[in-house]
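Notes follow once the structure below has been shown.
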Amino acid sequence: MKNRKRSKKKYDSAINQVIELENERLKSENKPEIKRNGAS
Numbered sequence: 001m002k003n004r005k006r007s008k009k010k011y012d013s014a015i016n017q018v019i020e021l022e023n024e025r026l027k028s029e030n031k032p033e034i035k036r037n038g039a040s
């Protein structure tokens with residue numbers, strides 16, 4: 001299970017990217033943003 005940490009990091013950054021895009025869209029619609037626990 002050597003690659004687990006690396007793939008988790010990749011996975012986290014992908015999620016963060018999606019959340020950022022969603023937040024931009026929500027902001028433009030004046031809706032509350034998504035808050036994600038554990039995001040740096």
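Residue numbering for the sequence shown is 1 to 40, as defined by full-length UniProt numbering. Quick reminder that beta carbons are idealized off the backbone N, C-alpha and C, glycines included.
1) When DSSP labels each residue in this structure, what does K35 get in the three-state scheme?
2) If you draw a straight line from the alpha carbon of S28 to that of K35, how long is it in whole angstroms?
3) Using three-state DSSP, classify E24 as helix, strand or coil.
4) Can you grab the Cα-Cα spacing for the pair K9 / N30, in whole Å?
The short version:
1) Locating residue 35 in the sequence shown gives position 35, counting from the first residue. It is coil, neither helix nor strand.
2) Numbered from its first residue, the sequence shown carries residue 28 at position 28. Numbered from its first residue, the sequence shown carries residue 35 at position 35. One Cα belongs to S28, the other to K35, and the distance between them is close to 16 Å.
3) Taking the sequence shown and counting its residues from 1, one reaches residue 24 at position 24. Correct three-state label for E24: helix.
4) Mapped onto the sequence shown, residue 9 falls at position 9. Mapped onto the sequence shown, residue 30 falls at position 30. Their backbone Cα atoms lie some 30 Å apart in a straight line.
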